[in-house]
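Colleague: So that we are looking at the same thing, I have put the structure below in structure tokens.
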Amino acid sequence: MTNTCVLSEASSRWSRAAPSNGTTVTEEDTLVQPGMPGALSNPASHHRWPLFLLQSGLTFERDPAGRLAILGSRLERSARACRTLIHSQPQFPVLLTEAEAFAEELFRQEKVSSLITTYFNLNRLTDVTFPYDIAPLPHVSVPATLLVTVGLAVRADSPHLDETVRLVDYLTSEDAQRLIREQTLSIPACRKAAELPETGARSTVRPGEPTAEQEAGEAAVNRPPHSGLYRELIPSFRYSSDLHLTPDEHDHLLLQLKQFWMGLQDWQETEKALETRFAHEDSNRDPEAHPLAEAPGAVRPSGRR
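For the sequence shown, this note's numbering assigns the number 16 to the initial residue and increments by one for each residue that follows.
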């Protein structure tokens, strides 16, 4: 899953740039179109807010006792950049708690000019009746694209082990991955399938006019012209685990940042709350630990969202 900026060609002023020359976001630049929200998103989503920290080059470090060190100005700069983006949207209080598909639905209704979303959620736009395109996200300091890999796990003690393995073998096969490539906007895990020429794709849809694929009984996809942009973004791919936070630290950091973004506390209060909590954090916890890591069995990648 990669975060991208979806652009309505008729109304957005954001330019498409290579990651090394991407637009830099500052507190003064809210990137909003007059009379229309700009980069709409759910910033409190676990698949959104870590991006702002990664774009500042943040990696949390630990003292000799294993406690987190608060990164001062860089963390504050990231939090303020995110707050600026949130407050630039008239719907910002709602977006902190709204379902993740809310922004995509507003884009479908042509009520926003652009949004921050993922390749996986682009599948909500496959049948829109207007042209649109995607571009790299503007960045705070460092070009970074948040990536989440979707996998398939098989329990070693499954009572249906053979059948399950056969299913996983099929889902990760070139044939199944080719279907992902041709019928969705998701990124297949199989490189050979991902690099297939676009088929069943259309960049412009005219309501009421069937495409050749529809006439042949195949579902056509409203594929943006630069749907293969992720190939250029590979050097900027980052995982949220690159922040080196445990799941509990991750959740507590978000809790404090949300209160800062909502104006319930200033930055000094936010920083103090983080320092107090992290000063008592269990130093023996592994920041790379994940609940699925303890489950027996093998995991095979199935695709990037």
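Cβ coordinates follow ideal geometry from the N, Cα and C atoms, glycine included.
Rounded to a whole number of angstroms, what is the C-alpha to C-alpha distance between Val21 and Gln271?
Modeller: As a first step, residue 21 is located in the sequence shown; it is residue number 6 there, counting from the start. As a first step, residue 271 is located in the sequence shown; it is residue number 256 there, counting from the start. Approximately 29 Å, taken between the alpha carbons.
Colleague: What does the alpha-carbon distance come out to for the pair Asn138 and Phe75?
Modeller: Reading the sequence shown from its first residue, position 123 is the one you call residue 138. Reading the sequence shown from its first residue, position 60 is the one you call residue 75. Taking the straight line from one Cα to the other gives about 34 Å.
Colleague: Give the secondary structure of Tyr147 by DSSP, where H, G and I count as helix, E and B as strand, and everything else as coil.
Modeller: Along the sequence shown, one-based indexing puts residue 147 at 132. The answer is strand: DSSP assigns Tyr147 an E or B state.
Colleague: Below 6 Å CB to CB, which residues in the same chain sit around Ser255 once its five sequence neighbours on both sides are set aside?
Modeller: Stepping through the sequence shown from its first residue, residue 255 is reached at position 240. Apart from sequence neighbours up to five positions away, the residues of its chain that approach Ser255 with a beta-carbon distance below 6 Å are Pro65, ordered along the chain.
Colleague: Between the Cα of Pro146 and those of Ala171, Ala208, Glu125, spot the shortest distance and give me the residue it belongs to.
Modeller: Within the sequence shown, the letter at position 131 stands for residue 146. Checked all of Ala171, Ala208, Glu125; the closest Cα to Pro146 is Glu125.
Colleague: Note the first and the last residue of the continuous beta strand (DSSP E) segment covering Thr261.
Modeller: Position 246 of the sequence shown, counted from the start, is the residue given in the question as residue 261. Unbroken run through Thr261: none, as it is neither H nor E.
Colleague: My output table needs one value for Arg77: the three-state DSSP class, helix, strand or coil.
Modeller: Locating residue 77 in the sequence shown gives position 62, counting from the first residue. Of the three classes helix, strand and coil, the one that applies to Arg77 here is strand, per DSSP.
Colleague: In whole angstroms, give me the CA-to-CA distance for Leu90 and Leu68.
Modeller: Taking the first residue of the sequence shown as 1, we reach residue 90 at position 75. Taking the first residue of the sequence shown as 1, we reach residue 68 at position 53. Whole-angstrom Cα-Cα distance: 7 Å.
Colleague: So, for Val180: in the same chain, excluding its five sequence neighbours on each side, which residues have a beta-carbon less than 7 Å away from its beta-carbon?
Modeller: Residue numbering aside, residue 180 sits at position 165 when the sequence shown is read from its first letter. Within the same chain, Val180 has close Cβ partners Val169.
Colleague: Which same chain residues, not among the five before or five after Leu140, have their C-beta less than 8 Å away from its C-beta?
Modeller: Here the question's residue 140 lines up with position 125 in the sequence shown. Apart from sequence neighbours up to five positions away, the residues of its chain that approach Leu140 with a beta-carbon distance below 8 Å are Val21, Glu119, Phe122, Arg123, Tyr147, Leu200, Asn237, ordered along the chain.
Colleague: With a CB to CB cut of under 8 Å and the five nearest residues on each side skipped, what residues in its chain are close to Ala191?
Modeller: Stepping through the sequence shown from its first residue, residue 191 is reached at position 176. Contacts found: Tyr185.
Colleague: When DSSP labels each residue in this structure, what does Pro250 get in the three-state scheme?
Modeller: On the sequence shown, position 235 is the one that residue 250 refers to. In this structure, DSSP gives Pro250 a helical state, which the three-state scheme calls helix.
Colleague: Please classify Glu197 as buried or exposed, where buried requires at least 16 other C-beta atoms within 10 Å of its C-beta.
Modeller: Translated into the one-based positions of the sequence shown, residue 197 becomes position 182. Buried: at least 16 other Cβ atoms inside 10 Å.
Colleague: Among the residues of its own chain, which have a CB less than 8 Å from the CB of Trp282, if the five just before and after it don't count?
Modeller: Within the sequence shown, the letter at position 267 stands for residue 282. Around Trp282: Glu91, Ala94, Arg95, Phe275.
Colleague: Please check the pair Leu268 and Ala59, which I expect to be a contact at CB under 8 Å, by giving their CB distance rounded to whole angstroms.
Modeller: Counting from 1 along the sequence shown, the entry for residue 268 is found at position 253. Counting from 1 along the sequence shown, the entry for residue 59 is found at position 44. Going by Cβ atoms, the distance from Leu268 to Ala59 rounds to 12 Å, so no, they are not a contact pair.
Colleague: Between the alpha carbons of Pro174 and Leu194, how many angstroms are there, rounded?
Modeller: By 1-based counting over the sequence shown, the position of residue 174 is 159. By 1-based counting over the sequence shown, the position of residue 194 is 179. The C-alpha of Leu194 is placed about 29 Å away from the C-alpha of Pro174.
Colleague: Is it right to say Ile249 is buried, meaning 16 or more other beta carbons lie within 10 angstroms of its own, or is it exposed?
Modeller: Mapped onto the sequence shown, residue 249 falls at position 234. By the 10 Å Cβ count, Ile249 comes out exposed.
Colleague: In three-state terms, what does DSSP make of Thr164?
Modeller: Here residue 164 corresponds to residue number 149 of the sequence shown, with the count starting at 1. Look at Thr164 here: in three-state DSSP terms it is strand.
Colleague: Looking at the strands, I want to know which residues DSSP matches up with Ala235.
Modeller: What you label residue 235 is simply residue 220 of the sequence shown in a count that begins at 1. Bridge partners of Ala235: none, in fact.
Colleague: Between Ala209 and the rest of its own chain, which residues show a CB-CB distance below 8 Å, the 5 nearest in sequence each way excluded?
Modeller: Locating residue 209 in the sequence shown gives position 194, counting from the first residue. Cβ within range, chain order: Gln192, Arg196, Ile202, Pro203.
Colleague: Which of the three DSSP states is assigned to Asp158 in this structure?
Modeller: As a working note, residue 158 is residue 143 in the sequence shown. A small fix is needed here, since residue 158 is Pro in this sequence, not Asp. Coil.
Colleague: Enumerate in chain order the residues of its own chain whose CB-to-CB distance from Pro294 is below 7 Å, with the five nearest sequence positions on each side excluded.
Modeller: By 1-based counting over the sequence shown, the position of residue 294 is 279. The sequence shown places Ala at residue 294, not Pro. Excluding positions up to five away in sequence, the list reads Arg82.
Colleague: What residue range is occupied by the uninterrupted alpha helix (DSSP H) comprising Arg123?
Modeller: As a working mapping, residue 123 is identified with position 108 in the sequence shown. Taken as a continuous stretch (DSSP letters only), the alpha helix (DSSP H) holding Arg123 covers 117 to 123.
Colleague: May I have the straight-line CA-CA distance separating Gln48 from Leu182, to the nearest angstrom?
Modeller: The count along the sequence shown starts at 1 and reaches residue 48 at position 33. The count along the sequence shown starts at 1 and reaches residue 182 at position 167. Unreliable positioning characterises Gln48 in this predicted model, as indicated by a pLDDT of 49, which lies under 50. A coordinate reading is not provided.
Colleague: Taking all protein chains shown into account, decide if Ala116 is buried (16 or more other Cβ within 10 angstroms of its Cβ) or exposed.
Modeller: Mapped onto the sequence shown, residue 116 falls at position 101. Ala116 is exposed by the Cβ-count criterion.
Colleague: Where do the N-terminal and C-terminal ends of the alpha helix (DSSP H) with Phe135 fall, by residue?
Modeller: What you label residue 135 is simply residue 120 of the sequence shown in a count that begins at 1. Run containing Phe135: none; DSSP gives neither H nor E here.
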